[in-house]
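Participant:
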């Protein structure tokens, strides 16, 4: 249903043409429901955090939330493309590990920082291309192909180094994490952004425009609706599917740059479980795991929900950090079950 | 005469096309490399006092036991078209449970049996959670087991309080380090379990039903296969087998390393399964092949250590092998081979006619 010429563009339904029937509008609302739910959860978490721990609604906490999760937001945008077509990319965490270890080693070996950053991004694109070719031209299932890429990238990373690789203190890659004050608050309560946050915002805007305003984006939605129909409609399915895995890989490469510049070091075990975080962000944001329905902006909300959850867990202090993955997994499961219930109700409505 | 020759040729062709055959070839090659670097590599020592066999081959058999366990479990899951990414994490949970329990007990045989039962019970329960998520909730297998893979290691850390717990229990350690008629107990146990599973699935319709689910879940349901129960059983079995593997892996050193026990072993399990000729697309499986795959991986790991090659390169190498085998299993490459074979047959026919 969302494969029509106007995919829903956000939680707020725009001025609906009067010809749309009630059922159609209800359908659009239902598909946006998880995103609205995620937004409500985010607001609820902020209110709860402010009430229980304090110092949540202030510039420094909120800008740290963005700074510390910019890499996750970038990953989530990439994964939104993949999941919208009904595919999956399990390799993003390992791609980040390989890309950042390689980048730090190159920069320390005397490469020009710009060249090292470019290589980091291209490593992501290349691994994404490998997954895409396996999936599109050899018919390997997406989770198997990207699992193989995940093992490959993780293996290559440990081949390079198994100890933390520290970025030289004077490396200009670190400047990508410079904190720029936007609003100078009292004491340390400043609204700051980093080039990494800017990159994340640009990528979110680009992702939104590509998905909702271009032919490529509509093809992505069409493939998720039904790959067969998309092919029969004469849409460029093979090129699009290849493209989304390259996009996902490239964004993983960019996320590696953002993360490494902030942390200043890289290791072969960086990013274990980030694929789950990114998938969870996308799913919490209202994208169907089966493809066809979803929003980039929803995924951003999803990523922020996960980030805020980490902040709250740290503030609480009573929950062990090991529990974070268990909680993330639990939230993911709840949202997937919610999706299935909604899908079942929608089917029933269409039939009835 | 020609009849016998052609039949032999056909048989040879069947063997060569069998992927497991190439697994055996690879094992022989690896052993040959080791023999070249040290002519005494294959010699098996016999300690007349204890009656134990010793030597590199025995070490390989011992190391292969945990891999065999998870490979067989993975094989069954893959047959249904699913995947179990949580085997390594279930291993560490089973290890953590056993070490925590044993460290607070006296070290009697009864304690070991009780610990074994609890550890395997928890492993089976975690597998069953995967099974419920896949079969009842209808979640994709890789998502459910990915959650379990990441959460499992968290659970293990919660159980041991983040420590690498060490314990003492001779009966429990015997499971991994003991000998029966000179052969390591752990390998004998692994083989007995593999044979039992193989008999269970291949001497009954169970194996066929699993393959039916893997080929076409809808059609199998229409044919009266109880998909939900079978999936639940298969994921629980995979959890149980991973639990046994975890007990084997921790009992040999009587320590659980919460961040490294079972780490990335899902890679080994998947590799063993694809080496054995089981397609990751589901619908068919070969337990014998998975066993050969498991033995090959153990041989490879030991060879890398023996030759002094940095072990950090092994995961990348294994991943490349998985990619290549996935390519070989794909329809496009297969049809390319079929095409070439057909061309060759045609040219032979023409040569005969001429």
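Protein chains in written order, with this note's numbering: chain U, -16 to 335; chain L, 6 to 359.
Glycine included, every Cβ here is placed at the ideal spot set by N, Cα and C.
(1) Using the beta-carbon count (16 or more within 10 Å), is residue 67 (chain L) buried or exposed?
(2) Mapping the DSSP letters down to three states, classify residue 52 (chain L) as helix, strand or coil.
(3) Which residue's Cα is closest to the Cα of residue 85 (chain U): U:68, U:63, U:140 and U:46?
(4) Taking DSSP as the reference, what is the three-state secondary structure of residue 263 (chain L)?
(5) If contact means a Cβ-Cβ distance below 9 angstroms, which residues of the region 126 to 145 of chain U contact chain A?
(6) Could you name the residues of the same chain whose beta carbon sits closer than 7 angstroms to that of residue 218 (chain U), not counting the 5 residues immediately before and after it, in chain order?
(7) Whether or not the region 274 to 287 of chain U and the region 73 to 84 of chain U are in contact is what I'm after, with contact meaning three or more pairs of Cβ atoms, one per stretch, closer than 8 angstroms; do they touch?
(8) Can residue 74 (chain L) and residue 88 (chain L) be called in contact, C-beta distance under 9 angstroms?
(9) Assign residue 362 (chain L) to one of three DSSP states: helix, strand, or coil.
(10) Between which two residues does the beta strand (DSSP E) containing residue 252 (chain L) stretch?
(11) Using the Cβ count rule (16 or more neighbours within 10 Å means buried), how would you classify residue 317 (chain U)?
(12) With 16 as the cutoff for other CB atoms within 10 Å, does residue 76 (chain L) come out buried or exposed?
(13) Could you tell me whether the region 142 to 160 of chain L touches the region 311 to 326 of chain U, where touching means 3 or more Cβ pairs closer than 8 angstroms?
(14) To which residues of the same chain is residue 101 (chain L) closer than 6 angstroms at the C-beta, ignoring the five residues directly before and after it?
(15) How is residue 184 (chain L) classed by DSSP in three states: helix, strand or coil?
(16) The beta strand (DSSP E) that contains residue 59 (chain L), what's its start and end?
(17) Measure from the alpha carbon of residue 108 (chain L) to the alpha carbon of each residue in L:51, L:158, L:175 and L:153, then state which is nearest.
(18) Taking only three categories from DSSP, how would you classify residue 305 (chain U)?
(19) Mind checking if residue 312 (chain U) is an interface residue toward chain L, Cβ cutoff 9 angstroms exclusive?
(20) Could you tell me the alpha carbon to alpha carbon distance between residue 283 (chain U) and residue 104 (chain U), rounded to whole angstroms?
(21) Check each candidate in U:237, U:148, U:255 and U:45 and name the one with the smallest Cα separation from residue 248 (chain U).
(22) On the DSSP letters alone, give me the boundaries of the beta strand (DSSP E) that residue 175 (chain U) sits inside.
(23) Could you work out which residues of chain U lie near residue 335 (chain L), taking near to mean beta carbons separated by less than 9 angstroms?
(24) Just list the beta strand (DSSP E) runs in the region 135 to 201 of chain U, keeping only unbroken ones of 3 residues or longer that don't cross its boundaries, in chain order.
(25) Looking at the structure shown, is residue 316 (chain L) part of a helix, part of a strand, or coil, going by DSSP?
(26) Who are the Cβ neighbours of residue 17 (chain U) in its own chain at under 6 angstroms, not counting the five residues just before and after it?
(27) Counting only the same chain and skipping the five closest in sequence on each side, list residues whose C-beta sits under 8 angstroms from that of residue 112 (chain U).
(28) For residue 327 (chain L) and chain U, any beta-carbon pair shorter than 9 angstroms?
(29) Compare the C-beta of residue 306 (chain U) with all C-beta atoms of chain L and state if any pair is closer than 9 angstroms.
(30) Could you check if residue 316 (chain L) is buried or exposed, using at least 16 other CB atoms within 10 Å of its CB as the buried criterion?
(31) Out of L:114, L:247, L:24 and L:220, state which residue places its alpha-carbon closest to the alpha-carbon of residue 96 (chain L).
(32) Just to make sure I have the definition right: I need the residues of chain L whose C-beta is within less than 9 angstroms of the C-beta of residue 71 (chain U). Which are they?
(33) Note down the Cα distance separating residue 35 (chain U) from residue 301 (chain U), rounded to an integer number of angstroms.
(34) Give a single yes or no on whether residue 34 (chain L) has its beta carbon closer than 8 angstroms to a heavy atom of the ligand ATP.
(35) From residue 42 (chain U) to residue 172 (chain U), what does the alpha carbon distance come to, in whole angstroms?
(36) Taking the alpha carbon of residue 167 (chain L) as the point to measure from, which residue in U:119, U:324, U:303 and U:157 has its own alpha carbon closest?
Facilitator: Judging by the given coordinates:
(1) That one is buried.
(2) In the three-state DSSP reduction, residue 52 (chain L) falls in the strand class (E or B).
(3) With distances taken between Cα atoms, residue 85 (chain U) lies closest to U:140.
(4) Taken through DSSP and simplified to helix, strand or coil, residue 263 (chain L) comes out as coil.
(5) Here chain A cannot be found, since the structure's protein chains are U and L.
(6) Around residue 218 (chain U), the same chain offers 202 and 205 as residues with beta carbons nearer than 7 angstroms, after the five sequence neighbours per side are excluded.
(7) Contact fails: fewer than three Cβ-Cβ distances are below 8 angstroms.
(8) Between residue 74 (chain L) and residue 88 (chain L), the C-beta spacing is not below 9 angstroms.
(9) With chain L covering 6 to 359 only, the question about residue 362 (chain L) has no answer from this structure.
(10) From DSSP, residue 252 (chain L) is part of no beta strand (DSSP E) but of the alpha helix (DSSP H) over 232 to 256.
(11) By the beta-carbon neighbour count (other beta carbons within 10 angstroms, threshold 16), residue 317 (chain U) is exposed.
(12) The residue is buried, with at least 16 neighbouring Cβ atoms inside 10 Å.
(13) These segments touch.
(14) Taken in chain order, the residues that qualify are 161, 164, 165 and 261.
(15) In the displayed model, residue 184 (chain L) falls within a strand according to three-state DSSP.
(16) Where residue 59 (chain L) is concerned, the enclosing beta strand (DSSP E) stretches over 57 to 59.
(17) With distances taken between Cα atoms, residue 108 (chain L) lies closest to L:175.
(18) In the three-state scheme derived from DSSP, where H, G and I count as helix and E and B as strand, residue 305 (chain U) is classed as coil.
(19) Yes, contact with chain L.
(20) Those two C-alpha atoms are separated by around 21 angstroms.
(21) The option with the nearest alpha carbon to residue 248 (chain U) is U:148.
(22) The continuous beta strand (DSSP E) containing residue 175 (chain U) extends over residues 174 to 176.
(23) Taking a Cβ-Cβ threshold of 9 angstroms, the residues of chain U close to residue 335 (chain L) are 117, 120, 121, 122 and 123, in chain order.
(24) Correct list: 163 to 166 and 174 to 176.
(25) Collapsing the DSSP output to three states places residue 316 (chain L) in a helix.
(26) Cβ neighbours of residue 17 (chain U) beyond the five flanking positions: 269.
(27) Only 225, 228, 229 and 232 meet the Cβ criterion.
(28) Yes, contact with chain U.
(29) At least one C-beta of chain L is nearer than 9 angstroms to the C-beta of residue 306 (chain U).
(30) In summary, residue 316 (chain L) is exposed, with fewer than 16 beta-carbon neighbours lying within 10 Å of its beta-carbon over all protein chains present.
(31) Measuring C-alpha to C-alpha distances from residue 96 (chain L) to each of L:114, L:247, L:24 and L:220 identifies L:247 as the nearest.
(32) Near residue 71 (chain U) (Cβ distances below 9 angstroms), the residues of chain L are 145, 147 and 148.
(33) For the pair residue 35 (chain U) and residue 301 (chain U), the Cα-to-Cα distance works out to about 13 angstroms.
(34) As far as ligands go, the structure on display features none, and thus does not contain the ligand ATP.
(35) Taking the straight line from one Cα to the other gives about 6 angstroms.
(36) Of U:119, U:324, U:303 and U:157, the residue nearest in Cα terms is U:303.
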